[in-house]
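A.B. asks:
Protein chains in written order, with the working numbering: chain L, 1 to 412; chain P, 1 to 412.
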């Protein structure tokens, strides 16, 4: 019998009714003759409530105590889901992270999984039980309760799937799959039958955080087949795996975009070896996320460095830079807001040097000025005026024929 | 350095403010130069809320799932108390039941503690940390999360005190100690300096459930010195230990009482060997708690058996008896409601055969008719009219000089 791992996030288990709905999904898989491991997150707002309770007591609680506090959230969900299955006659067993053998680094708040001792889970599966595992949590060598940080439940599910050699890992979420672009903006957007791990990583922001990049990396490293699908709709999802099928003939597989981008330019920097590293180390230390970086050619007045940040972070970015003006030795800072990033993604473009040129051509034909460019092996990103964002996406969606390919039946 | 175990129940940790107050109590003990282990329950209504959530999903959840669900309550409290101590500069570590080495029988919902592996707790104490342990919970041999049932947190505290050879176990509660009788009814009621374990067991209902009998038994078996004291008031409490000091010269040490009692008489029973056992087995199977039992002398029409129950249980008692009328072969049932139980308690009465006689004399002098009597080595219970209850208690309080002895300073 095949082992299937299912993962349900916080919104999918946010109420008694939703937990009953999750039970339906589990039962459907059991009735197909599969052995099922279910990984769940804390119910909807539980984590936020616990965080707020903690902040009333201690504005800077230790990470160990926060792990102790927050892991109760998933423990509540696993017990309730087990009750929901049992009341309908299905044998189930709820396991905390440590009971499921999820071993992690001895780090609180953001531990990585080091190993999974599957003995306990395997025994329960062999006894024909549905095994329900608390996501996001594990245990360190010295028996401390740890958490995996952001995307933790996704990572728990993928790691269990890898350790159990599961047939696949179904990630149930509030979207029906991964799309060529955001269907809320572009009505021609089409659900993809399958994407590769790398494409998924680049398209991550298309699905409104549908799957944490860390879990995708994990799945890629262990060859775990992922399926992103809706917890509410009866609809095929999108497969994420290494070998992408026929549809792979498409060079560009999706268009990601994001507004509220600001371009910051630090001008008149000294032509020194460590300038670049000093600037971005300073920003990183202050938790400022920098996206595209461009270093313009040097001239006798020193060099300029431009980078893009989320507009909400601009104020803090300027503040941090000005605080370090003496050390960084720049002359002044320029900024341009109301920008957007539009990216084309596709593993096929590695062997297609003309893809970037095609993108620029399409944008130029539409009269859209490109302010910044950044490329990777499977992605070309451009920064354009915010007002031109949707027009750019629509034009690229047509030009790269993303609306045309038929959605294939997902046999998973 | 002495080890002190402190236990705080659900009402003592029911809010952020109350948790801060508990932190004060802990800090006071640390500043006295003691090593402190704190055992806490779930916050106020948390357990009720979780039970209600479960009942929405499954009216008969498995005990294993309920243990999984409810143990999150104490886990939340330990993390918050640890945060409260750390924000005030005191090093603390929160431990779940299993992390604190509380090993139990492999039973869910009502497990007994089998052993405590104190290594982890000891290490943290040696590192000058306040150790905060989740009450009510443990772990079985096969790594299942278990709970200890009613009075579980009291039992955790006493068991830890025994295993750590603690100097004492302070039970913080919403009363200031154990009284000679209920001060809400008898203004002469006086707080006792100390009582013995057996007296505490008999006086249990004086303190409105101040301490679970199971924890008292445990303390008695391991010679753990208990102190019952208020979590809100700065006042000495009552010591519970085997050797009671000078005050022990008092024969009667407390007067317990309880209203809403009904006397039920099953009439015309056959004079057979198994009659008594059959009746009370039948009642027990239906979860009916019977208190005083009197078998009246046999005559040619068969025997009568009287017993007292709480008035709220009468309807169910009669129903169960009538359902089994054929098997029990009685003729009819009589009942008398609006009764109360008044008991005198004191280990000194073992060697004072006149104590019961003195009690009856006092009641007779007050014109109070005694309906039922039951005696144990350290207690004499009488059932009287509900309307005479307080008068009986007041008269006995005076007659046995309970208001006269001075409260001694509690050096604990």
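Even glycine gets a Cβ: it sits at the ideal position worked out from N, Cα and C.
Identify every run of the alpha helix (DSSP H) within the stretch 145-227 of chain L, keeping only runs that are complete inside it and at least 4 residues long; order them along the chain.
C.D. replies: You should have 152-163, 197-203 and 213-222.
A.B. asks: Is residue 134 of chain P buried or exposed, if buried means 16 or more other CB atoms sit within 10 Å of its CB?
C.D. replies: Residue 134 of chain P comes out buried.
A.B. asks: Run through chain L and tell me which residues come within less than 9 Å of residue 87 of chain P, C-beta to C-beta.
C.D. replies: Result: 57, 58, 59, 60 and 61.
A.B. asks: Are there 16 or more other CB atoms within 10 angstroms of the CB of residue 45 of chain P, so buried, or fewer, so exposed?
C.D. replies: Classification of residue 45 of chain P: exposed, given that the 10 Å Cβ count is below 16.
A.B. asks: Apart from the five residues on each side of it in sequence, which residues of its chain come closer than 6 Å, Cβ to Cβ, to residue 402 of chain P?
C.D. replies: Once the five neighbours on either side are set aside, the close Cβ partners of residue 402 of chain P are 180.
A.B. asks: Who are the Cβ neighbours of residue 399 of chain L in its own chain at under 6 Å, not counting the five residues just before and after it?
C.D. replies: Closer than 6 Å at the Cβ level, and outside the excluded window around residue 399 of chain L, lie 362.
A.B. asks: Applying the 10 Å Cβ sphere with the 16-neighbour rule, what's the burial state of residue 273 of chain P?
C.D. replies: So residue 273 of chain P counts as exposed.
A.B. asks: Would you please verify whether the beta carbon of residue 190 of chain P is less than 9 Å from any beta carbon of chain L?
C.D. replies: So no, residue 190 of chain P is outside the interface.
A.B. asks: Starting from the Cα of residue 367 of chain L, find the closest Cα among L/385, L/355 and L/357 and give me that residue.
C.D. replies: For residue 367 of chain L, the nearest C-alpha among the options comes from L/385.
A.B. asks: DSSP on residue 246 of chain P, reduced to helix/strand/coil?
C.D. replies: Note on residue 246 of chain P: pLDDT 48, under 50, position unreliable in the model; no value is reported.
A.B. asks: Would you kindly report the start and end of the unbroken alpha helix (DSSP H) that includes residue 28 of chain P?
C.D. replies: Run containing residue 28 of chain P: 16-31, per the alpha helix (DSSP H) assignment.
A.B. asks: Return the chain-ordered list of same chain residues with a C-beta closer than 8 Å to the C-beta of residue 305 of chain L, the five sequence neighbours on each side being excluded.
C.D. replies: So the qualifying residues of the chain are 265, 266, 269, 275, 276, 279, 293, 294, 295 and 296.
A.B. asks: With DSSP as the reference, label residue 326 of chain P as helix, strand or coil.
C.D. replies: It is helical.
A.B. asks: If the criterion is Cβ atoms closer than 9 Å, does the pair residue 256 of chain L and residue 342 of chain L meet it?
C.D. replies: Contact: yes.
A.B. asks: Would a check of beta-carbon distances place residue 111 of chain P closer than 9 Å to chain L?
C.D. replies: False, the Cβ-Cβ gap to chain L never drops below 9 Å.
A.B. asks: Is residue 119 of chain P buried or exposed, if buried means 16 or more other CB atoms sit within 10 Å of its CB?
C.D. replies: Classification for residue 119 of chain P: exposed.
A.B. asks: For residue 231 of chain P, tell me which candidate among P/364, P/174, P/161 and P/96 has the shortest Cα-Cα distance.
C.D. replies: Residue P/174 is the option with its Cα nearest to residue 231 of chain P.
A.B. asks: By the three-class DSSP mapping on this structure, what secondary structure does residue 289 of chain P have?
C.D. replies: Looking at residue 289 of chain P - three-state DSSP - the assignment turns out to be coil, as it is neither helix nor strand.
A.B. asks: Give the residues of chain P in contact with residue 143 of chain L, contact being defined as C-beta atoms less than 7 Å apart.
C.D. replies: Near residue 143 of chain L (Cβ distances below 7 Å), the residues of chain P are 99.
A.B. asks: Indicate the three-state DSSP secondary structure (helix, strand or coil) for residue 370 of chain L in the structure shown.
C.D. replies: DSSP places residue 370 of chain L in coil when its eight states are reduced to three.
A.B. asks: Check the DSSP bridge columns for residue 332 of chain L and list the partner residues they point to.
C.D. replies: Note: residue 332 of chain L sits in a beta bridge opposite L/267.
A.B. asks: Can you confirm whether residue 207 of chain L, when its beta carbon is compared against all beta carbons of chain P, has any partner nearer than 9 Å?
C.D. replies: Unreliable placement is indicated for residue 207 of chain L, whose pLDDT of 46 sits below 50; the coordinate value is still reported in the next sentence. For residue 207 of chain L, the answer is no, since every Cβ of chain P falls outside 9 Å of its Cβ.
A.B. asks: List the DSSP bridge partners of residue 115 of chain L.
C.D. replies: Note: residue 115 of chain L sits in a beta bridge opposite L/103.
A.B. asks: Is there a C-beta anywhere in chain P that falls below 9 Å from the one on residue 20 of chain L?
C.D. replies: It does; some Cβ of chain P falls within 9 Å.
A.B. asks: Assuming contact is defined by CB atoms lying nearer than 9 Å, are residue 382 of chain P and residue 359 of chain P in contact in what I supplied?
C.D. replies: For residue 382 of chain P and residue 359 of chain P, yes; Cβs fall inside 9 Å.
A.B. asks: Taking 9 Å as the CB-CB limit, is residue 65 of chain P close to chain L?
C.D. replies: It does; some Cβ of chain L falls within 9 Å.
A.B. asks: Starting from residue 238 of chain L, follow the alpha helix (DSSP H) in both directions and report where the run begins and ends.
C.D. replies: Element bounds for residue 238 of chain L: not the alpha helix (DSSP H) but the beta strand (DSSP E), 238-240.
A.B. asks: Starting from residue 82 of chain L, find everything on chain P with Cβ-Cβ shorter than 7 Å and list it in chain order.
C.D. replies: By Cβ distance, chain P contributes 65.
A.B. asks: I need the DSSP call for residue 365 of chain P, collapsed to helix, strand or coil.
C.D. replies: Reduced to three states, the DSSP call for residue 365 of chain P is helix.
A.B. asks: My output table needs one value for residue 305 of chain P: the three-state DSSP class, helix, strand or coil.
C.D. replies: Residue 305 of chain P: strand per DSSP, three-state reduction.
A.B. asks: My understanding is that residue 81 of chain L touches residue 40 of chain L, with C-beta atoms under 8 Å, so please give their C-beta distance in whole angstroms.
C.D. replies: About 6 Å separates the two Cβ atoms, so the contact holds.
A.B. asks: Going straight from the alpha carbon of residue 6 of chain L to that of residue 157 of chain P, what length do you get?
C.D. replies: Looking at the two C-alpha atoms, the distance is approximately 40 Å.
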